[in-house]
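Novice: Take a look at the following structure, please.
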Amino acid sequence: MQLMRFIRNFLFVLLGLLSFKSTYELLKCKLSNNLVLTYGFNDSYVHYYQFDQLILALKNAANDSKIRGVAINYRNGICINGDSLTSIEELIDVFDLFKKNNKFVDLYIDGLDSKTAYLASHVNSTLCESASSYISGIHVYMPFARDALRRKGIDITTIATGEFKNPDPESRTEMSDEYREGLEQLIKVLSDIVIDKIKLIKKVDDIDTIMGLRKNDYICDLMSFKKGNSFSEWRNKYKKQISINKYVSMHSNKSSRNKIAIINIFGTISNESYLGSVEFMNKIEKIANNKDIKAVILRIDSGGGAVGLSYELYNILKSLSAKKLLVSSISDTCASGAYLIALSADKIFAPSVSVVGSIGVYMKHAHIKEPGVNIESINSHNIPDINNRNSPLDDRLKKDLIKDIRDSMNRFRQLVADRRSFTFEYSRQISLGQVYAGKDAAKLRLIDKEGTLLDALNFVQNKQKLSDYEIVWIA
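Okay, so the sequence shown: first residue is 663 according to the working numbering, each after it adds one.
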């Protein structure tokens, strides 16, 4: 009994010491100056859904007089689950803020590819350790599984509007010529944006000189990167370090009466997802009635989903925009139903390398045939069952579905025309299912401005004349 009491008291003392040490470390950092913010040294990498919080923490550090620069260990990306081209552009945006405030941005990478070369070209110092690099541009892979599914007794029928609309890989064996053409144009635009910026900043006249498999010594000389030191040597040269996690902890208690709500519209839009839940709808209603929330940003990364839910969310958010300034900030992708939702906002921002569009409607029907099983159906009326997976679509039902999809498409086009001040004919021309880079979407007036999350926040702050603000995250 005495032994147990001793162990318990010892643990209390130990926890108290650890808590005191943690508090002491935070207090010491708060009182220090000339700190170097670090990421990827001893702290863990963030997940993709935490990326925006990381960007805003870096923004705060860029404007913090106690921080003199940032050093990032960029091994497999800034996120555990990989980085997109748009996340690279978001990082570049915040790195530019550091440099604007005369603060350094240093990067450690173990190898170069197209994305890391793009990021590395925008920092003060890049250390590249590996012996060689492979820069090969942008690639898109799309498997088509129609024949494989048919061998398993599954036949998929797809009905779509617009020849450029994303082909269902379950009902085709290859891309359509139109879709391939549109995709080739898209990746060329994205690649040109990246290459032109690298050429401009690093003064590389011919990008072909760095493409393909190259020795890093050659790449480093050409792009003025550093080479040689190991990561441990590189890390130890920075004095008075503070990790991003510790920095966030130091500022976690800061609050303001002025709040900006960020609503995440991520993933497939479906009734089974969080976006289709009563809880999500109730949160939007609470935001509308919260006087402290001065503006709302829709943070969108979605390829679309259910038509009905997309319209329902559009209508709810459009009502919200009558009470609050509402801005859409596109992350990676804003396509189909997600773009419909984005139209509810007063302004739409998208990075130049994001993907916007795919304005169209499609549906698919799966006919599942079990070998050796015969299923007969009896109907109360002479009307086919649209949810019957045991028989293919009959001609009558298919004709009705085509009409319904065309009506939905024209309704979508009219909404685009109304919200973006287009003629219906112009809306029709750009809504054949095409996908556009953010840069082209701005030229076509599908968005208001090329810009990152920071640009959207700056717009809101200036528009609402906020001297300070606190972010409220709505998952």
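Glycine included, every Cβ here is placed at the ideal spot set by N, Cα and C.
What residue does the alpha helix (DSSP H) around GLU1087 start on, and which one ends it?
Specialist: 1086 to 1091
Novice: Consult DSSP for LYS1105 and reduce its assignment to one of helix, strand or coil.
Specialist: helix
Novice: Of the residues HIS801, LYS761 and GLU752, which one's Cα is nearest the Cα of ASP726?
Specialist: LYS761
Novice: Should the segment 813 to 825 be called in touch with the segment 780 to 790, which here means at least 3 C-beta pairs below 8 Å?
Specialist: no
Novice: For PHE757, write down the residues that DSSP places opposite it in a beta bridge.
Specialist: None, per the DSSP bridge assignment.
Novice: So, is LEU979 buried or exposed, given that buried needs 16 or more other C-beta atoms within 10 angstroms?
Specialist: buried
Novice: Tell me the residue span of the beta strand (DSSP E) that contains ASP1057.
Specialist: Taken as a continuous stretch (DSSP letters only), ASP1057 belongs to no beta strand (DSSP E), being part of the alpha helix (DSSP H) at 1057 to 1082.
Novice: In angstroms with no decimal places, state the Cα-to-Cα distance between GLU791 and ALA1079.
Specialist: 52 Å
Novice: Do CYS996 and ALA1012 have their C-beta atoms closer together than 8 Å?
Specialist: yes
Novice: Fully enclosed by the segment 983 to 1022, which alpha helix (DSSP H) runs are 4 residues long or longer?
Specialist: Segments of the alpha helix (DSSP H) lying fully in the segment 983 to 1022: 999 to 1004.
Novice: Taking the DSSP output, what are the residues bridged to GLN903?
Specialist: According to DSSP, which records beta bridges pairwise, GLN903 is partnered with VAL698.
Novice: Which stretch, first to last residue, makes up the beta strand (DSSP E) that contains PHE766?
Specialist: 766 to 771
Novice: Assign ALA810 to buried or exposed, taking buried as 16 or more other Cβ atoms, counted over all protein chains shown, within 10 Å of its Cβ.
Specialist: Counting Cβ neighbours within 10 Å, ALA810 comes out exposed, since fewer than 16 surround it.
Novice: Compute the Euclidean distance between the alpha carbons of PRO805 and GLY731, then round it to the nearest angstrom.
Specialist: Computed Cα separation, rounded: 44 Å.
Novice: What's the gap between the Cα of TYR976 and the Cα of LEU1002?
Specialist: 7 Å
Novice: Give the DSSP-derived three-state secondary structure of LEU1094 in the structure shown.
Specialist: coil
Novice: Helix, strand or coil for LYS1127? Go by DSSP, reduced to three states.
Specialist: coil
Novice: Using C-beta distances below 7 Å, list every residue in its chain close to LEU1128, excluding the 5 sequence neighbours before and after it, in chain order.
Specialist: ASN920 and LYS956
Novice: So what does ASN735 bridge to, in DSSP terms?
Specialist: DSSP lists TYR770 as partners of ASN735.
Novice: Could you tell me the distance, in whole angstroms, from the CA atom of LYS765 to the CA atom of LYS1105?
Specialist: Whole-angstrom Cα-Cα distance: 34 Å.
Novice: In chain order, what residues of the same chain lie with their CB nearer than 7 Å to the CB of TRP896, ignoring the 5 residues before and after it?
Specialist: Leaving aside the five residues that flank TRP896 on each side, the residues in its chain whose CB is nearer than 7 Å to its CB run, in chain order, TYR770 and LEU789.
Novice: Using beta-carbon positions only, say whether THR823 and GLY1022 come within less than 8 Å of one another.
Specialist: yes
Novice: Can you tell me whether VAL802 is buried or exposed, with buried defined as 16 or more other CB within 10 angstroms of its CB?
Specialist: exposed
Novice: Looking only at its own chain, which residues have a Cβ that is under 8 Å from the Cβ of SER932, when we skip the five neighbours before and after it?
Specialist: GLY938, GLY967, ALA968 and LEU971
Novice: Shortest alpha-carbon distance to ASP775 belongs to which of ILE750, ASN763, ASP755 and ASP768?
Specialist: ILE750
Novice: Starting from VAL958 and walking both ways along the beta strand (DSSP E), at which residues does that stretch end?
Specialist: 955 to 964
Novice: By Cβ distance, which residues of its chain are closer than 8 Å to ILE857, with the 5 residues on each side in sequence left out?
Specialist: Around ILE857: ILE869.
Novice: Report the start-end ranges of each beta strand (DSSP E) in the segment 869 to 950 that is 3 residues or longer and not cut off at the edges.
Specialist: 874 to 877, 903 to 905 and 921 to 928
Novice: Let me know if HIS913 comes out buried or exposed under the rule of 16 or more other beta-carbons within 10 Å of its beta-carbon.
Specialist: Of the other Cβ atoms in all chains shown, fewer than 16 fall within 10 Å of the Cβ of HIS913; this residue is therefore exposed.
Novice: Going by beta carbon distance, what residues of the same chain come within less than 7 Å of LYS945, once the five residues before and after it are set aside?
Specialist: ILE1136
Novice: Take SER917 and list the residues in its own chain whose beta-carbon comes closer than 8 Å to its own, dropping the five residues that flank it on each side.
Specialist: Within the same chain, GLU1132 come within 8 Å of SER917 by CB-CB distance, once the 5 residues on both sides are set aside.
Novice: Tell me the DSSP secondary structure of GLU1132 in three-state form.
Specialist: strand
Novice: Beta carbon of VAL719, beta carbon of VAL989: below 8 Å?
Specialist: Correcting the residue type first, residue 719 is Ala in the shown sequence and not Val. Going by C-beta atoms, ALA719 is not nearer than 8 Å to VAL989.
Novice: Assuming ALA822 is part of the beta strand (DSSP E), what are its boundary residues?
Specialist: 816 to 822
Novice: Keeping to the same chain, check which residues put their C-beta closer than 7 Å to that of VAL756; ignore five residues upstream and five downstream.
Specialist: ILE717, LEU720, LYS721, ALA724 and LEU1116
Novice: Rounded to whole angstroms, how far is the Cβ of ALA950 from the Cβ of LYS986, which I believe are closer than 8 Å?
Specialist: Their Cβ separation, rounded to whole angstroms, is 7 Å, which keeps ALA950 and LYS986 in contact under 8 Å.
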